[in-house]
Amino acid sequence: MSEHKPQPARPHPDTRAPRVRIRWARFPWPSALGALFTVAYFLFYASPELVAGYALPTDWFGETMALTVAGIFALLLVFDLRRFQHRFALQKQDVARLNEQLDTAWQRIRELQLKAHTYSGHADKLKLFISDKLLEYIEYDEKFLHFKSIAREVRHNGVISFDKVQTALQQAAEQARRQQGETNTAGKQDTAGPQDPAADYQAALDAMRYLWDLLDLSTADNLALHIGNLLCECEEHYYQQELDAEAADVLPFEPTYDPRLAAWRAMSLVRPDPPPRPEGNEVYRLEDGDWYVALEPVGVLLGNENHLVLLLDNLLKNAQYFSRKRRGKSGAPTIAFQLEEIDDQAVFRVYNRGPQISEDDHARLFQLGYSTRRSREHHGRGLGLYFVNEIVKGYEGRIEVNNIHTPETEYELRLHLDNDEVLTKAVTVECSEGGRPRCLPQSESEQGTEAETEPAPKQQWTLPAPIQRIEIAGSRDGETQVLEGFENRGKQTRQDPQHPDRPHWWITYQAKRKQPTLSFEPLDLTGVEFRIQLPTAYHRLESSQAEVDENLDAEMEQLGERFSRPLD
157 MSEHKPQPAR PHPDTRAPRV RIRWARFPWP SALGALFTVA YFLFYASPEL VAGYALPTDW
217 FGETMALTVA GIFALLLVFD LRRFQHRFAL QKQDVARLNE QLDTAWQRIR ELQLKAHTYS
277 GHADKLKLFI SDKLLEYIEY DEKFLHFKSI AREVRHNGVI SFDKVQTALQ QAAEQARRQQ
337 GETNTAGKQD TAGPQDPAAD YQAALDAMRY LWDLLDLSTA DNLALHIGNL LCECEEHYYQ
397 QELDAEAADV LPFEPTYDPR LAAWRAMSLV RPDPPPRPEG NEVYRLEDGD WYVALEPVGV
457 LLGNENHLVL LLDNLLKNAQ YFSRKRRGKS GAPTIAFQLE EIDDQAVFRV YNRGPQISED
517 DHARLFQLGY STRRSREHHG RGLGLYFVNE IVKGYEGRIE VNNIHTPETE YELRLHLDND
577 EVLTKAVTVE CSEGGRPRCL PQSESEQGTE AETEPAPKQQ WTLPAPIQRI EIAGSRDGET
637 QVLEGFENRG KQTRQDPQHP DRPHWWITYQ AKRKQPTLSF EPLDLTGVEF RIQLPTAYHR
697 LESSQAEVDE NLDAEMEQLG ERFSRPLD
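Under the numbering used here, the residues of the sequence shown are numbered 157 to 724, in order.
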């Protein structure tokens, strides 16, 4: 079998020299020579004495010969003009092709200069980043330096113990899987489930690796730079994987991970009961008690999954702490955790119905050692949000903290009753000085005998017949929500279906044979939302082809003018 010899790499078509040979329109020399001959002939024709000494035949200068010479010159002139026009058209085509090749070559040069400019800009940013961080390290207190030295010593001395524990857990997990497979092969009932030993060993192994990554972060001199270096290494492996699919089998580690699984892992760490694992490409939804979760499938991220788990774990723990006393009788979720993809960026939103952040706290929120947990039973160390901010900076992402306020709006309720009667009720919601929503009193013409004289937390009506359907339209959203399926007995509650993450209102319907009642109560949305935006692996791949800045574009245009002027 003959060996396959590698072919030499062909140069990129955009980098080769132009191969267009311009076919120039030549000078019309046949017409010029014919014109000289014709002028000479008619000169001799007009003055025969000039050639009298040469004994030329007399019929050469007759009228017939003069017409013949003029006709031949006219034909020669027409032929030469058509030939020149054809050559000129070919010249224009060659020039156009040459312009296209020059434009392609200049575009390639601009791309190369862009990459050089980008890498140079990254180097400058890295220098500034390092210099800024060196200045920040001067402000670190001795406690944190002592903490880092302890973590470094623990990590250094714990390598041997960690390897032993990890090896033991791996062997135990493999043995449990083999036993489970033999049990299933023997026809016994599958023991997979909450008491599955293999799953327990695997969970313990994942927890050990998570602990190891936390110790690895704690010993890093600069968290953001440590994560940024890891992303650069993962980016290189990711490019290799994209260029050659077979190279994925020989990579030292997986450079990407699914952020939705990382979000699920972080949520499992803070909830008392583990939620079901997300499967497939459908939106993962979870609504139980205080939680509303909606995780959409998004593009993979580069780096270590445990770093994102640590980030989300801190945000979710903060959300639990500040919202633990805000759940009202409506049962609306106090924590909303969402994931979606916007412009090739993974966007996480963590919302809680806790107290809002003041301007002073907002300015120092991500500083090392600063904590907003000031209760006696909890002494915050000021490390959680600092880790969050450093991880986001390492990803070159963006973090925003927004205070959420209860909106003031007007609602119109159309009540369709069993007796075919349709009642229209208007509710105006405003916020008190403390931010609590309340319903303004309506006029007696609208409320009848139930008119209120002061703002109330809710609006209530007594109806002449049971309800079939309710249509609710808000002045802010402009959409009408329809509530149906009311039963003829018992107390029933419904929440705002348009905003399941943070319902704006809830209604209570008390079904009775005579005079059923309906109440509308706006909900307090006061809280805080953290918005984390991280670039996906695809976005990092495409961002290297960003546009050149205005100065470089101006220089390229000036350089290209020298080639465009002679061709116009």
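Backbone N, C-alpha and C fix where the C-beta goes; we use that ideal spot for every residue, glycine too.
Residue i and residue j closer than 8 Å at C-beta
i	j	result
tyrosine 665	leucine 674	yes
glutamine 510	serine 479	At residue 510 the sequence reads glycine, which differs from the glutamine that was named. Cβ atoms of glycine 510 and serine 479: closer than 8 Å.
tyrosine 448	proline 656	yes
isoleucine 555	isoleucine 383	no
arginine 696	glutamate 391	yes
aspartate 500	threonine 682	no
glutamine 637	phenylalanine 676	no
glutamine 562	arginine 632	First, the amino acid is wrong: residue 562 is threonine here, not glutamine. No, they are not a contact pair.
leucine 387	glutamine 397	no
leucine 373	leucine 379	yes
glycine 733	tyrosine 694	Since the first residue shown for the chain is 157 and the last is 724, residue 733 is missing from the structure and cannot be characterised.
proline 622	leucine 579	no
glutamine 612	cysteine 587	For the record, residue 612 in the displayed sequence is alanine; it is not glutamine. Not in contact: alanine 612 and cysteine 587 (Cβ atoms no closer than 8 Å).
glutamine 322	methionine 364	yes
glutamine 269	alanine 488	no
arginine 415	leucine 495	A small fix is needed here, since residue 415 is proline in this sequence, not arginine. Their beta carbons are under 8 Å apart, which means proline 415 touches leucine 495 by this criterion.
isoleucine 117	asparagine 559	Since the first residue shown for the chain is 157 and the last is 724, residue 117 is missing from the structure and cannot be characterised.
methionine 742	leucine 472	There is simply no residue 742 to check, as the chain begins at 157 and stops at 724 in what is shown.
arginine 421	valine 465	yes
aspartate 369	histidine 518	no
alanine 191	phenylalanine 240	no
proline 800	leucine 232	Absent from the model: residue 800. The displayed extent of the chain is 157 to 724, so no value can be given.
Beta carbon proximity, residue i to chain D, threshold 8 Å
i	result
alanine 230	Any reference to chain D falls outside this structure, which holds one protein chain only.
Cβ shell of residue i (< 8 Å), same chain only, five flanking positions each side left out
i	result
aspartate 250	Val176, Arg177, Ile178, Arg179
glutamine 136	Residue 136 is absent from the model: the chain starts at 157 and stops at 724.
asparagine 470	Gly540, Leu541, Phe543, Val544
proline 213	none
arginine 243	Arg179, Trp180, Ala181, Arg182
glutamine 624	His572, Leu573, Asp574, Glu640, Phe642
lysine 647	Thr664, Tyr665, Gln666, Ala667
tyrosine 275	none
glycine 634	none
valine 439	Ala450, Leu451, Glu452, Pro453
Cβ-based neighbour list, residue i, same chain, cut-off 7 Å, excluding 5 preceding and 5 following
i	result
glutamate 533	Unreliable positioning characterises glutamate 533 in this predicted model, as indicated by a pLDDT of 49, which lies under 50. A coordinate reading is not provided.
lysine 581	Leu569, Leu571, Trp617
isoleucine 286	none
tyrosine 357	Leu325, Ala328, Ala329, Ala332
glutamate 546	Leu379, Ala380
alanine 196	none
tyrosine 394	Pro411, Thr412, Leu458, Ala693
arginine 645	Ala667
Supposed contact pair residue j and residue i - C-beta distance, whole angstroms, cut 8 Å
i	j	result
arginine 505	glutamate 685	6 Å
valine 583	proline 593	Incorrect: roughly 11 Å between the Cβ atoms, too far for contact.
proline 204	phenylalanine 193	Between phenylalanine 193 and proline 204 the Cβ distance is about 18 Å, and since that is not below 8 Å, they are no contact.
threonine 490	asparagine 474	Contact flag wrong, Cβ pair sits at about 13 Å.
tyrosine 413	leucine 371	Rounded, the Cβ-Cβ distance is 20 Å, inconsistent with contact.
glutamate 497	glycine 553	About 13 Å; that fails the 8 Å criterion.
phenylalanine 198	leucine 206	12 Å between Cβ atoms; not a contact.
threonine 649	isoleucine 663	7 Å
leucine 690	alanine 419	So it is not a contact: roughly 12 Å between Cβ atoms.
proline 184	aspartate 236	4 Å
glutamine 476	valine 426	6 Å
Contacting residues, own chain, Cβ-Cβ under 6 Å from residue i (five flanking each side not counted)
i	result
glutamate 602	Summary for glutamate 602: the model assigns pLDDT 48, below 50, so the residue's position carries little reliability, and this model does not support an answer.
phenylalanine 493	Val449, Val506
leucine 417	none
lysine 549	Ala380
Quiz item: Is there contact here, the segment 433 to 441 with the segment 449 to 464, by at least three beta-carbon pairs under 8 Å?
Solution: yes
Practice problem: Ignoring anything shorter than 4 residues or poking outside the segment 352 to 383, list the alpha helix (DSSP H) runs there in chain order. | Solution: 353 to 374
Quiz item: Can you list, in chain order, the stretches of the alpha helix (DSSP H) that have 4 or more residues and sit fully within the segment 457 to 504?
Solution: 461 to 479
Quiz item: Can you give, in chain order, each stretch of the alpha helix (DSSP H) that sits fully within the segment 500 to 580 and has at least 4 residues?
Solution: 515 to 519, 540 to 550
Exercise. Any chance you could list the beta strand (DSSP E) runs of at least 3 consecutive residues sitting entirely within the segment 612 to 677, in chain order?
Key: 615 to 618, 623 to 630, 636 to 640, 646 to 651, 661 to 667
Practice problem: Pick out the complete beta strand (DSSP E) segments inside the segment 204 to 260, 3 residues or longer, and give them in chain order. | Solution: none
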